[in-house]
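In order, the protein sequences belong to chains G and X. For the first sequence, this note's numbering begins at -2 and goes up steadily by one. For the second sequence, this note's numbering begins at 48 and goes up steadily by one. What follows is a set of notes on a single structure, which appears directly below.
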Amino acid sequence: MRRLLLAGLVALAPLGAETIVIQNATIMTVSKGTIKNGSVVVRDGKIVDVGEKVMIPEGATRIDAAGQYVIPGIIDCHSHIAVDGSVNEGSVSVSSMVDIKDVINPEDIAIYRALAGGVTTANILHGSANPIGGRTIVLKMRWGKDAQSMIFEGAKPGIKFALGENPKRSGNPQGGRGETTTAARYPATRMGVEDVIREAFNQAKIYKAAWDEYNAKVARGDHPLPPRRDLKLEALKEVLEGNRYVHAHCYRADEILMLIRVADEMGFKIRTFQHVLEGYKVAKEIAAHGAGGSTFSDWWSYKVEAFDAIPYNAALMAKAGIVVSVNSDDAEQMRHLNIEAAKSMKYGGMSETEALAMVTLNPAKQLGIDNRVGSIETGKDADLVIYDKYPLSDYAKVQKVLIDGTVYFDRDKAIAEQAAKDAGKQKLLDKLKQQNQTQQPTGGRRGGRGGESL
Amino acid sequence: MKLLGILLGCALAAGAAGTEVILIRDADVYPVSGKEMKGVSLLIQDGKIVDIAPKIVPPKGARIVEAKGLRVYPGMIDSGTELGLSEIPSVRDTVDAGELGEFMPQLKALSAVNPDSDHFAVVRVNGITSAMTFPSLGGRGGGFLSAASGERQLIAGQAALIHTDGWTWEDMEIKRCAAMTIIFPTLTAAGRRGGMPDIPLDVTPATVSGGIANARRVFDEQIAKLNDFFDNARRYEQAKAAKEPDFETDLRYEAMIPVLDRKVPVTVSAGRANLIHEAIQWAKKQNVKLVIMQPLEIGKAGPELKAEDVPVILSRVLALPNGEDASYDQAFTLPAEAYKAGVKFAFGTFTNEFVRNIPYQAATAVAFGLPYDEALKALTVNPAQIWGVSDQLGSVEKGKIADLIVTDGDPLEIQTQIKHLYVKGKEVALTNRQTRLNERYMNRN
C-alpha cells in the first residue's frame, strides 16, 4: 500500500523538471493582461512568478526569449488523437459503458505534432456515431510518457453525445429507407435521437433512484441487497449527479435546443456543445442553460448541417455570454489553433485577449481545469508556449513548448535532429531494398494474399 | 484627344454590361510585378486598369474611391479548386466534378459552373478573384462507378480559369480550357495524400501486394493506353489538316488539338519524385506542356522540374507530413524548398471550403522560410503565367483586367480586412450567405 502511494507521488512530480526563467519576452497571460519585456519563473512544474521584474532563483536555466511571445499552453477541447484504433463504438445507440481511457495510445505521432503546434492539453473524445457515445478523457501532451502519465490528473471525466446527421446515418446509410443488407440501427432521424437520449436518462433516473434508496437504507443502518451495477447507466448516473461532463456534438439550432430541453427535463447539464455550428442562432438559450460552446473557426459546407456555419459563430456566441472555445477535431488543424483563434478577431471583432482565451482559458473552464491551466498565473501549471512572433498571426511559429515546467518541444533541437533521423531511416530502407533484391520477386503470382489489391 | 478617349470610353462602358468608371485615389499600389507606388491613383474603365499615376483628373461621371492609407493588390488566384462544380461534398446531387469514362477530354468544367454557388461570395470576401476549377481533383476522377466497371479514368476533361463573380459562366470565363486534366497512373500502393504511402513501393517487400514488378506492369499498361489515345488524337489532327475524304468529327480528339499544339497544358497530380519523373518523361515524349499538381518530394524532383521548365501547383501548406518519420513541418517548408530549387510554383487549396484560406496558407509558407514576395507571386503573377493569361491578369498594371483588392494591410496577414473588391472592374459587395446570417442573428432578440 505504501509502495503504491509512493509510486503515485513519483508519477505526480514531473521528472526532470528544473527551475527555468523565460526572459525578455512579451507575456500574454490571458487572465492578467500582457506584460511587455517580462519574465516567467518556473519551478517544480509550476509558475512561481510572472512580471516585469522577478526574482531569479539561483541555478535557474535561462531561456532568452527577446522579441518573442509567451502564451499559456493551448488547450484543444475536441480531439481524437492518441486513440488506439477506432473512436466509434457504433454498434449500439448508447455506448456509455466504453471509455477512451482504456484505449490511449501514447505513441501516436499526432501527439508530438500537436505539441509542436503549441497544444499542451486535449480533450480526447469518443466519436459521433451514437446519440450517447463513450466516455472521454483529458490528456496532457507529455510525449514520451506512458498512457497513464498522459492523463490530466484530477480532470473530471466526460461523455460524448452526438446529434444530427452522424448518429442518424450510422448503421443507416439509407436513412432507414430503402434496402440495406444489415438491419437498421435505431435512430434514423433527429426525432429518434431525442428519444434515445430521453429514454436512456429515463432508465438512468430509475437506476439512480434504486441506488439512492439503497444508500439511504445503508445510512440508516439497514443491510439491504445492493442493486445490480449497470456500467452503461453508471456513467449517466454520474451525469445526473454532476460528476461527469456532457460534451455534445451538434450542428443545427433545432437539435441544440432539443438537447437543452431534454436536459432541463431530466435534470442534468450540458457542459459543452461541440461544433455547435448553428450555436449563434440559439446563443441565448445556450447561455441560459450555462453550457459552453466549442466550435470550429471557419469550417463549413462539407455537409448539409454545416451549410449555415459562419465564421462569426465564435464571436456571436461569446457576445451572448457563452464561454467559447475554438477546437480542431483534426490532427492537422490542431497544430495551428493560434491561427484559428485569430480568425475570431478578423471575422467577429474579438479582442486579442478574447481570441487567445478561446484556445487557452476558455477550454480550460469548459473542462473544469482552469484552476490548473489556461493562463499564465502564479501557482498554475507551467504549461507555456513560446512563439517567435505575435501569436495571433499566421506568420508566427512555435519555438518551445513546456508542460509542467519541462521543455517537451524545442524547434531548434527538432530541426537539428531531423537530418540524423532522415539518414537513419534511409539506412533502414536501403537495407530493406537489398533484402528484397536478394529475394526472388514474386510479382503477380497466383494465390498470393492480396495479390490484386495494389 | 485624351478627353475624347475618356468620353468615348464612358459611352462604351455605359453600353457594356453597366461597367462603371472608378477612380481609386491616393492608394498605395502593390503591383507585384514591380515596385510599390505610394499615394497614387488608379483608374478603372471598361473592366480594365487604364491608368496608374500620382495624379489623375477624374473623368466625368467617375466614381471616386478615397483610399488614403489603403493598399491595392491584384486579386488572388487559387490554382486548384472545384469552385462552382461542388457545393456540399457529402451530397452527390450538389457535386458535378468527377464524371465517368476513361478518356473524356471533351468535358468542360466551365459550362457546369453554377455562378450562384455560395462558395464564390465566401471566397471573394477574402480577396480571391479567380480560380482554376477542375473537372476532377487529385485522382478522384470517375470515382463514382469506376471501381465497379474496373476502369480507371485517365483524362478527366478541361479545367477552366474563372472569375469568382459573374452573372453567367460565360461572364465568369477567363479561359475556357486552361488545362487538360490527366489522372496519371500511380506507381505506389494506395496511400494517403496524393497517393503517398508510408513506405515507397520500391522497398515494399516483393511478397506484399504483388510487389514492384506488378505495380510497374499495371503502370506501363495504363501509360500505353494513354499513349494510344494521344497517338490517335495526333493522327486525327493530321487527317483533319489534310482534309482526308473519310474524315469525321470526333469530339474527344477534337478537344485534344489545343493540347497537342501546346496551347493548353496537361495537369498531372504526382506526389513522389519517381512519379513526377515519369510524368515529365511522358510529357516530353508526347511533346505536351505539363503542370505538376500537388508535388510532395520537391527536394528530389526539383532539379528535373527546373531543367524541364515544368511549373507546379502546391497543395495546402497547412497539411500533415507524409509518414511518421517526416519532419513535423515538412508541408510548411515545401514552398520554400520549391523556391530554393528554382521551380516555378503557384498555390492551390484542392478543397472548396479551404479556398478562402489560401492567403493564410501562403503566410505559413513565409513563416517557414519562403521569401514574402515569392508567396505573393505564387497567388498572382505565377498562376497567371502558368495558366497562360499573364497578359491579362495577375498584377496591377495598365491594360490588365481590373481584378483588384483594396486592403488595410498585408493581404496574407489574417488580421487584414479587405475593404473593396473589384472583378472585371466592377465593385462587388463584400457580403455573402455568412455575413447575412451574421447580421440577421446579431439582431435576434
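Even for Gly, the Cβ is constructed at its ideal location relative to N, Cα and C. As the structure is a computational prediction, the values presented were derived from the model and not from experiment.
- The segment 363 to 378 of chain X makes no contact with the segment 323 to 332 of chain X: fewer than 3 CB pairs, one atom from each, lie closer than 8 Å.
- Taken in chain order, no unbroken stretch of beta strand (DSSP E) lies wholly in the segment 188 to 242 of chain G with a span of 3 residues or more.
- Along the segment 290 to 319 of chain G, the positions whose C-beta sits under 7 Å from a C-beta of chain X are 296, 297, 298, 299, 300, 301, 304, 305, 307, 308, 309, 313, read in chain order.
- Shown here, residue 324(X) sits in a helix according to DSSP, grouped into three states.
- Unbroken beta strand (DSSP E) runs of no fewer than 3 residues, entirely contained in the segment 319 to 371 of chain G, are found at 321 to 323, following chain order.
- Non-local beta-carbon contacts of residue 449(X) in its own chain, meaning distances under 7 Å to residues more than five positions away in sequence, involve 91, 94, 95, 96, 469, 471, 472 in chain order.
- The residue from 374(G), 190(G), 133(G), 343(G) with its alpha-carbon nearest to that of residue 30(G) is 374(G).
- In this structure, the alpha-carbon of residue 444(X) lies about 8 Å from that of residue 80(X).
- Only exposed fits residue 416(G), as fewer than 16 other CB atoms lie within 10 angstroms of its CB.
- With a threshold of 8 Å between beta carbons, residue 137(X) makes contact with chain G.
- In chain order, 76 place their CB closer than 6 Å to the CB of residue 84(X), counting only its own chain and leaving out the 5 sequence neighbours on each side.
- Proximity of the segment 78 to 95 of chain G to the segment 227 to 239 of chain G meets the contact definition, three or more beta-carbon pairs being nearer than 8 Å.
- The alpha helix (DSSP H) runs lying completely inside the segment 436 to 492 of chain X and spanning 4 residues or more are 480 to 489, given in chain order.
- Taken atom to atom, the span from the alpha-carbon of residue 72(G) to that of residue 484(X) is near 29 Å.
- Here residue 143(X) is not near residue 158(X), since their CB atoms are 8 Å or more apart.
- Unbroken alpha helix (DSSP H) stretches of 4 residues or longer found wholly inside the segment 398 to 437 of chain X: 405 to 414, 419 to 424, 428 to 433, given in chain order.
- Checking the DSSP bridge columns, you'll see residue 46(G) partnered with 38(G).
- For residue 409(G), the closest Cβ of chain X is not nearer than 8 Å.
- Using a CB distance below 8 Å, the part of the segment 427 to 461 of chain X facing chain G consists of 459, 460, 461, ordered along the chain.
- Between residue 372(G) and residue 103(G), the CB-CB gap reaches or exceeds 8 Å.
- Taking 8 Å as the CB threshold, residue 394(X) stays off the interface with chain G.
- In the DSSP annotation of this structure, the continuous segment of the alpha helix (DSSP H) that includes residue 312(G) starts and ends at 310 to 316.
- Per the C-alpha coordinates, the member of 101(G), 156(G), 114(G), 118(G) positioned closest to residue 143(G) is 101(G).
- Here the alpha carbon of residue 164(X) sits roughly 6 Å from the alpha carbon of residue 131(X).
- Following the DSSP letters along the chain, one finds residue 92(X) in no alpha helix (DSSP H) but inside the beta strand (DSSP E) bounded by residues 84 to 92.
- A direct Cα-to-Cα measurement between residue 156(X) and residue 190(G) gives close to 40 Å.
- Interface annotation for the segment 409 to 425 of chain G against chain X: 411, 412, 415, 418, 419, 422, criterion Cβ-Cβ distance under 8 Å.
- When Cβ-Cβ separations below 8 Å define contact, residue 150(X) makes no contact with chain G.
- Counting C-beta pairs closer than 8 Å gives three or more between the segment 374 to 390 of chain G and the segment 24 to 40 of chain G, which meets the contact rule.
- Identification of residues in the segment 323 to 348 of chain G having a C-beta nearer than 7 Å to some C-beta of chain X yields 328, 329, 333, 336, 339, 340, 342, 343, given in sequence order.
- Judged by DSSP secondary structure, residue 380(X) falls within the alpha helix (DSSP H) whose first and last residues are 377 to 387.
- With respect to residue 398(G), residue 355(G) sits apart: the two C-beta atoms are not nearer than 8 Å.
- DSSP links residue 166(X) through a beta bridge to no other residue.
- With contacts defined as CB atoms closer than 8 Å, residue 122(X) and residue 451(X) qualify as a contacting pair.
- According to the DSSP assignment, residue 268(G) belongs to no beta strand (DSSP E), since it is labelled neither H nor E.
- Of 60(G), 83(G), 232(G), 113(G), the smallest CA-CA separation from residue 394(G) is found for 113(G).
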